[in-house]
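K.L.:
Residue numbers (this note's numbering): 3 to 258.
(1) I need the DSSP call for residue 32, collapsed to helix, strand or coil.
(2) Are residue 73 and residue 10 close, meaning C-beta to C-beta below 9 angstroms?
(3) So, helix, strand or coil for residue 117, using DSSP?
(4) Quick check: the stretch 187 to 202 against the stretch 171 to 178, are at least 3 beta-carbon pairs closer than 8 angstroms?
(5) Answer with buried or exposed for residue 222, where buried requires no fewer than 16 other C-beta atoms within 10 angstroms of its C-beta.
(6) Helix, strand or coil for residue 233 per DSSP?
(7) In terms of residue numbering, what span does the alpha helix (DSSP H) encompassing residue 223 cover?
(8) Measure from the alpha carbon of residue 94 to the alpha carbon of each residue in 86, 249 and 129, then state which is nearest.
(9) DSSP three-state call for residue 76: helix, strand or coil?
(10) Tell me which same chain residues have a C-beta within less than 6 angstroms of the C-beta of residue 66, skipping the five on either side of it?
(11) Taking the C-alpha atoms as reference points, what is the distance between residue 251 and residue 113?
(12) With a threshold of 8 angstroms on Cβ separation, who are the neighbours of residue 232 within its own chain once the five nearest residues in sequence on each side are excluded?
(13) Cα-Cα, which of 24, 49, 211 and 255 is closest to residue 117?
(14) Check whether the stretch 150 to 158 touches the stretch 18 to 32, counting contact only when three or more Cβ pairs, one atom from each stretch, lie closer than 8 angstroms.
(15) Measure the beta-carbon distance from residue 89 to residue 108 and round it to whole angstroms, keeping in mind my assumption that it falls under 8 angstroms.
(16) Buried or exposed: which applies to residue 219, given that a residue is buried once 16 or more other Cβ atoms fall within 10 Å of its Cβ?
(17) Do residue 115 and residue 141 count as a contact pair if the criterion is CB distance below 9 angstroms?
(18) Pick helix, strand or coil for residue 133, following the three-state DSSP scheme.
(19) Which of helix, strand or coil does DSSP assign to residue 128?
(20) To the nearest angstrom, how far is it from the Cα of residue 38 to the Cα of residue 99?
(21) Indicate the three-state DSSP secondary structure (helix, strand or coil) for residue 93 in the structure shown.
(22) Measure the alpha-carbon distance for residue 6 versus residue 13 and round it to whole angstroms.
(23) Please name the residue, chosen from 106, 121, 189 and 165, that lies closest to residue 136 on a Cα-to-Cα basis.
(24) Return the chain-ordered list of same chain residues with a C-beta closer than 6 angstroms to the C-beta of residue 32, the five sequence neighbours on each side being excluded.
(25) With residue 42 and residue 195 assumed to form a contact (beta carbons below 8 angstroms), what rounded beta-carbon distance in angstroms separates them?
(26) Using the C-alpha atoms, what's the distance from residue 171 back to residue 234?
(27) Using CA atoms only, rank isn't needed, just tell me which of 44, 103, 191 and 204 is closest to residue 139.
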């Protein structure tokens, strides 16, 4: 049985019931954000590339659906820029719990939270382990080793493409701009793309989280948006999907 869509919100309950009975019991939930991404990128970047990565991964995994991308996360460091939205930590924790409970009660047996927005990871790390086996017959998990994920993706793929990390950046730089160019090119403000702070996140993280990203980058960019390239962004997305597939399979195997 092949669904008309891999997106949970595009299916009817009858279709979902049929899929569940045919072994489609895995689901990926992308976590996104609505936060500033500099002058050249709109606020939904994390949500869109998180969803696209999840869909590409689900296609490769088989018998895996993708839940609605959560468009708001923890983004307090961006609140100096108008339009950025943020949940409180406790609100996000309860939201993840409610989503997991709904899916578990609905018949899904393996629920994987995927981070299009890295700002949610620390909160997920605190709340999701307690949910792992809360519901009988269901496992709740997430991208647990964020350090390995960043080192082998964001800090690796651009270098393979000949792009320095100062350009690819850790927020709203070439890496994210290229992915947006690949999936939503009409939303890329090509005449507004700018360079921001080139320093690695490790050097500015503490200040950014305490004082806001505007304290290290006046335009909200960490990297250089001007190098956006759709073909490269498409390859980035494929590589991210491959990473997600590998981690998903590893965790699924460990659960058996």
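Where is the CB? At the ideal position from N, CA and C, for every residue including glycine.
P.N.:
Taking the coordinates as given:
(1) For the purposes of this step, residue 32 is taken as residue 30 along the chain shown, with counting starting at 1. Assignment of residue 32 by DSSP, reduced to helix, strand and coil, places it in the strand class.
(2) To locate residue 73, count along the chain shown from 1; it is residue 71. To locate residue 10, count along the chain shown from 1; it is residue 8. For the 9 angstroms CB-CB criterion, residue 73 and residue 10 do not form a contact.
(3) If you number the chain shown from 1, residue 117 lands on position 115. Strand at residue 117.
(4) Judged by Cβ distances under 8 angstroms, the stretch 171 to 178 makes contact with the stretch 187 to 202, as three or more pairs qualify.
(5) As a working note, residue 222 is residue 220 in the chain shown. The residue in question, residue 222, is buried, as its Cβ has 16 or more Cβ neighbours within 10 Å.
(6) If you number the chain shown from 1, residue 233 lands on position 231. Three-state DSSP puts residue 233 in a helix.
(7) Looking up residue 223 in the chain shown gives position 221. Careful: residue 223 lies outside any alpha helix (DSSP H) and carries neither H nor E.
(8) Within the chain shown, residue 94 is the residue found at index 92, counting from 1. If we check each option's Cα against that of residue 94, 129 comes out closest.
(9) Residue numbering aside, residue 76 sits at position 74 when the chain shown is read from its first letter. Of the three classes helix, strand and coil, the one that applies to residue 76 here is coil, per DSSP.
(10) Numbered from its first residue, the chain shown carries residue 66 at position 64. Closer than 6 angstroms at the Cβ level, and outside the excluded window around residue 66, lie 28 and 60.
(11) One-based indexing of the chain shown puts residue 251 at position 249. One-based indexing of the chain shown puts residue 113 at position 111. Spanning the two alpha carbons is a distance of roughly 12 angstroms.
(12) In the chain shown, the residue the question calls residue 232 occupies position 230. Taking residue 232 as the centre and dropping the five residues before and after it, the same chain places the C-beta of 180, 183, 184 and 187 closer than 8 angstroms to its C-beta, in chain order.
(13) Stepping through the chain shown from its first residue, residue 117 is reached at position 115. Cα-wise, what sits closest to residue 117 is 49.
(14) No: the two stretches stay apart, fewer than three of their Cβ pairs being nearer than 8 angstroms.
(15) Within the chain shown, the letter at position 87 stands for residue 89. Within the chain shown, the letter at position 106 stands for residue 108. Cβ-Cβ separation between residue 89 and residue 108: approximately 23 angstroms, too far for a contact (criterion under 8 angstroms).
(16) As a working note, residue 219 is residue 217 in the chain shown. Per the 10 Å Cβ criterion, buried.
(17) Numbered from its first residue, the chain shown carries residue 141 at position 139. Numbered from its first residue, the chain shown carries residue 115 at position 113. No, they are not a contact pair.
(18) Counted from its first residue, the chain shown places residue 133 at position 131. Three-state DSSP puts residue 133 in a helix.
(19) The residue given as residue 128 occupies position 126 in the chain shown. DSSP places residue 128 in helix when its eight states are reduced to three.
(20) For the purposes of this step, residue 38 is taken as residue 36 along the chain shown, with counting starting at 1. For the purposes of this step, residue 99 is taken as residue 97 along the chain shown, with counting starting at 1. Annotation: residue 38 to residue 99 spans about 26 angstroms, alpha carbon to alpha carbon.
(21) Position 91 of the chain shown, counted from the first residue, corresponds to residue 93. The DSSP-derived three-state label of residue 93 is helix.
(22) Counting from 1 along the chain shown, the entry for residue 6 is found at position 4. Counting from 1 along the chain shown, the entry for residue 13 is found at position 11. Taking the Cα positions, residue 6 is about 8 angstroms away from residue 13.
(23) If you number the chain shown from 1, residue 136 lands on position 134. If you compare the alpha carbons of 106, 121, 189 and 165 with that of residue 136, the shortest gap goes to 106.
(24) The residue given as residue 32 occupies position 30 in the chain shown. Closer than 6 angstroms at the Cβ level, and outside the excluded window around residue 32, lie 52, 53, 56, 71, 116 and 118.
(25) Along the chain shown, one-based indexing puts residue 42 at 40. Along the chain shown, one-based indexing puts residue 195 at 193. Right, the Cβ-Cβ distance comes to about 4 angstroms (below 8 angstroms), so this counts as a contact.
(26) The residue you call residue 234 lines up with position 232 of the chain shown. The residue you call residue 171 lines up with position 169 of the chain shown. Taking the straight line joining both Cα atoms gives about 15 angstroms.
(27) Indexing the chain shown from 1 puts residue 139 at position 137. It is 103 whose Cα lies nearest to the Cα of residue 139.
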